[in-house]
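One structure below.
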Amino acid sequence: MEFNSQLFNYQLQKIKAHPNVGLGRFHNWRHRKVHHNELNISGKHTLSHRNSSKVSWRESLQLASVAGLQRVSQATSTPWIILWSILLVLGIVCTARDVITVTVQYLEYPVLTSVTLDQVAALPFPAVTVCNLNRVHCGNLRRLAAAKWGTELGTQLLKLHDLTDCQLHFQARAGRQVQDNNEANSQAFFSTTEMPPEDSSKLPQPANQTRSFNDLMHFMAVYANFSSEVQSKIGHSYEDFIRSCTFSGESCLNSSLFFDQYSSNSYGNCFTFHTRRKTVIPGKEYGLSMELYLDQANYLRAGLSPQAGARVVVHEQSHEPLPQEMGINLSPSAATSIALLQVQVTRLQSPYQSNCTHNWDQSTFQQYVGSSFTYSAQRCQRICLQLAFEDSCDCAHPAYMDLQRGYPPCNLTSGTIESICARQVAASFESRAKICSCNMDCREITYETTISTASWPTDSDWCTAAKRLLLVDSCESNDQEFAGDQRQQDRFRIQRNLLKVDVYLQSLRVRSVSQTPSMPPQVFVAALGGGLSLYLGLSLLSLLEIGGLAVYFLKKTIRAAIICLKNLKRKAHKHHHSSPHPFLVTGK
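If you're matching positions, the sequence shown starts at 0 in numbering that gives the first Met the number 0 and goes up one per residue.
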């Protein structure tokens with residue numbers, strides 16, 4: 000069989016004239032060429048395997064659509080080959096760098112935060128929780144202790160009384176009648192607490208501060224041991240605390256329709272205002288207005304209630320109030336206005352950096368939380384800390400007893416084993432030896448507040464306010480000459496215990512803080528294409544061509560290695576049979 004050299008040269012020139020032909024034509028030509036190379040043709044037209052491989056490499060590089068490879072294969076002199084090879088290597092390095100950088104940035108899942116201010120037609124009114132800064136009402140404690148006299152609960156209430164210094168005197172008559180002289184001593188108490196110290200240059204001693212802390216911790220351990228029902232009975236009642244309530248000009252004083260009671264170890268009874276109505280007109284006149292009576296005469300003594308006033312928390316309707324972490328203190332004898340601006344925050348879930356949590360099902364504390372409230376990162380943090388204290392110290396921290404798991408409250412007075420354990424648990428969180436897996440909320444609504452205060456009630460209006468709130472029966476006007484008469488005592492009591500708070504939306508604008516992926520998949524593909532095409536001009540088809548060439552050269556290398564091994568075995572076999580047998584060799 001003769002080798003048709005003219006046909007071969009014609010096909011080769013045809014391929015050179017069309018360097019951008021597809022892979023299909025290249026493979027057809029390659030198979031025909033390999034077929035001719037593998038023919039055992041004798042004479043001057045026989046091609047060696049080495050020359051065939053050399054032609055295949057050069058012709059294959061010329062067929063590739065990568066400019067650098069074409070320049071290297073088409074170069075006719077060594078300097079040009081070296082130059083184009085260096086440029087090709089630099090292009091490969093730069094392309095690899097850009098591709099790696101873009102890929103790493105994409106795998107970090109960065110987010111872009113945008114802030115907008117939108118105007119809406121109506122906004123749902125938030126929940127508002129109010130608490131008295133005094134957790135135990137001395138008068139209610141007296142009445143419950145008298146009712147439970149002679150029982151285990153009565154003994155525990157007497158123990159609490161001894162810690163609070165409520166000036167309660169129990170007399171063991173029939174039924175153990177109890178007399179309370181709080182009101183009689185309240186004027187003297189307030190006047191003495193307002194007097195300056197005898198020596199103002201003296202600083203508080205550390206021992207006194209430690210004693211005050213120990214007294215508070217001891218009281219908390221005893222108080223937290225009572226059930227929520229008992230704590231509710233000895234706290235400030237709704238009727239005595241909230242004396243007036245209006246929403247959008249209408250009364251909201253009916254507790255069964257508008258308020259829910261919430262118990263806190265730090266503030267006692269708290270009351271949460273709820274409404275399904277939306278606000279369409281902003282301003283104080285169309286918000287929530289409450290007038291609160293503190294009843295400081297029944298505040299705890301012994302430094303257990305060092306501040307007088309109320310605490311208000313503005314939160315989302317579906318979130319549990321957290322007065323210990325959030326909230327604003329309200330001063331007595333003042334009208335406080337709280338203007339609200341709704342802030343809506345939207346975060347992205349995993350794998351993005353924000354890694355937020357949408358509901359309790361995605362957290363590790365689902366079994367401890369009911370379905371009443373939606374997920375909150377702060378609530379999750381409180382549960383995590385409570386479980387850590389209980390698991391490590393076999394007692395519950397008095398400030399973290401949201402879950403009723405049957406653990407007794409810890410006695411955190413200085414020097415006790417439980418206080419040392421609690422400090423060790425806190426130190427482990429501080430050093431990050433322990434962490435709480437509490438992610439931020441995926442959707443969070445908060446309220447930015449603007450607070451202003453004014454004196455209330457005034458000297459000319461206190462009597463009108465007191466009669467309207469049924470705090471006094473009557474009071475004479477223009478009778479302010481005698482400081483010790485009943486009018487002055489009533490004015491002192493009213494102004495010292497009364498406060499007003501107005502909560503309203505200052506506008507119908509919503510500040511939206513939302514996260515979006517800064518590198519979504521389409522942006523990643525575009526950036527990746529830019530990195531590939533900038534230095535080497537690569538495209539998806541070019542990558543497929545390079546992959547096809549790599550597979551072809553790999554197969555050809557394997558085939559050449561197999562042929563080489565066969566030749567080596569053949570030569571070894573021939574050498575073995577051509578060697579004379581040693582016993583047949585005879586010497587002369």
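The beta-carbon is built from N, C-alpha and C at its ideal position, and this holds for glycine as well. Because the structure is a prediction, the values reported are computed rather than measured.
Excluding sequence positions up to five away, which residues of its chain have a Cβ less than 8 angstroms from the Cβ of residue i?
i, result
"S436", "S362, T363, C383"
"F481", "For F481, the pLDDT reaches just 46, beneath the cut-off of 50, and the residue's location in the model is therefore unreliable, leaving the point undetermined."
"L468", "R242, S243, E290, Y292, L497"
"K573", "none"
"I392", "This sequence places Cys at residue 392; Ile is not what is there. Same-chain partners within the cutoff: C409, E417, C420, A421, V424."
"R96", "none"
"V524", "none"
"D214", "L162, A301, G302, L303"
By alpha-carbon positions, which one of the options ends up nearest to residue i?
i, options, result
"Q295", "R569, N496, S506", "N496"
"G267", "A333, P305, A223", "A223"
"S255", "V221, F240, H273", "H273"
"E417", "V71, T77, A220, L82", "A220"
"T449", "A560, I327, A395, F218", "I327"
"Q323", "R467, F388, S265, P519", "S265"
"D259", "V92, A126, K554", "A126"
"V110", "T128, T154, Q352, N213", "Q352"
"D117", "Y237, R508, S247", "R508"
"D164", "A307, S263, H136, M518", "H136"
"S113", "Q343, A376, A144", "Q343"
"S517", "A74, I81, E107", "E107"
"R275", "S247, I545, V103", "S247"
"N285", "T245, S263, C269", "It should be noted that the sequence gives Tyr, not Asn, for residue 285. For the residues T245, S263, C269, the minimum Cα distance to Y285 belongs to T245."
"A338", "L287, A398, K565, N354", "L287"
"V471", "D489, F552, Y237", "D489"
Taking 9 angstroms as the threshold (C-beta atoms), are residue j and residue i in contact?
i, j, result
"S451", "S336", "yes"
"S511", "P281", "no"
"T373", "W359", "yes"
"R134", "L299", "yes"
"T150", "L347", "no"
"A309", "A453", "no"
"A387", "K433", "yes"
"Q341", "E447", "yes"
"L132", "A301", "no"
"H318", "R442", "no"
"S227", "S262", "yes"
"F270", "T128", "yes"
"R378", "L321", "yes"
"V71", "L527", "no"
"A144", "L162", "no"
Less than 7 angstroms between C-beta atoms, sequence neighbours within five positions excluded: which residues of the same chain meet that for residue i?
i, result
"M283", "Sequence inspection shows Lys at residue 283; the Met mentioned does not correspond to that position. Within the same chain, K283 has close Cβ partners S336, D501, Y503."
"Q494", "S332, P456, W461"
"D401", "R381, I382, Q385"
Apart from the five residues just before and just after residue i, which ones in its own chain have a Cβ nearer than 6 angstroms to its Cβ?
i, result
"A571", "none"
"C121", "Correcting the residue type first, residue 121 is Ala in the shown sequence and not Cys. So the list reads K277, V279, once near-sequence residues are dropped."
"L159", "V221"
"Y534", "G90, C93, T94"
"A376", "C437, M439, D440"
"S41", "Caution applies to S41, whose pLDDT of 39 falls short of 50 and renders its modelled position unreliable; the model cannot decide the point."
"A465", "V471, I493"
At what residues does the beta strand (DSSP E) containing residue i begin and finish?
i, result
"P407", "Taken as a continuous stretch (DSSP letters only), P407 belongs to no beta strand (DSSP E), as it is neither H nor E."
"L291", "287–292"
"R422", "First-last for R422: 416–429, but that is the alpha helix (DSSP H), not the beta strand (DSSP E)."
"V313", "309–314"
Ends of the alpha helix (DSSP H) at residue i?
i, result
"I493", "485–496"
"N139", "137–146"
"H160", "151–163"
"T463", "461–467"
"R381", "376–392"
"C93", "77–106"
"E443", "Careful: E443 lies outside any alpha helix (DSSP H), inside the beta strand (DSSP E) at 442–454."
"I280", "No alpha helix (DSSP H) holds I280; DSSP gives it neither H nor E."
"S227", "227–233"
"Y237", "237–240"
"F523", "520–534"
"L339", "Where L339 is concerned, there is no enclosing alpha helix (DSSP H), although the beta strand (DSSP E) it sits in stretches over 333–345."
"S254", "254–257"
Return no unless some Cβ of chain B is closer than 9 angstroms to the Cβ of residue i.
i, result
"L527", "Reference to chain B is not applicable here, since this structure consists of a single protein chain."
Check whether the segment 125–140 and the segment 233–247 touch, using three or more Cβ-Cβ pairs below 8 angstroms as the test. Taking one beta carbon from each stretch, the segment 125–140 and the segment 233–247 have 3 or more pairs nearer than 8 angstroms; the two touch.
Do the segment 107–124 and the segment 553–564 touch if we need at least three Cβ pairs shorter than 8 angstroms? Contact between the segment 107–124 and the segment 553–564 is absent, with fewer than three C-beta pairs closer than 8 angstroms.
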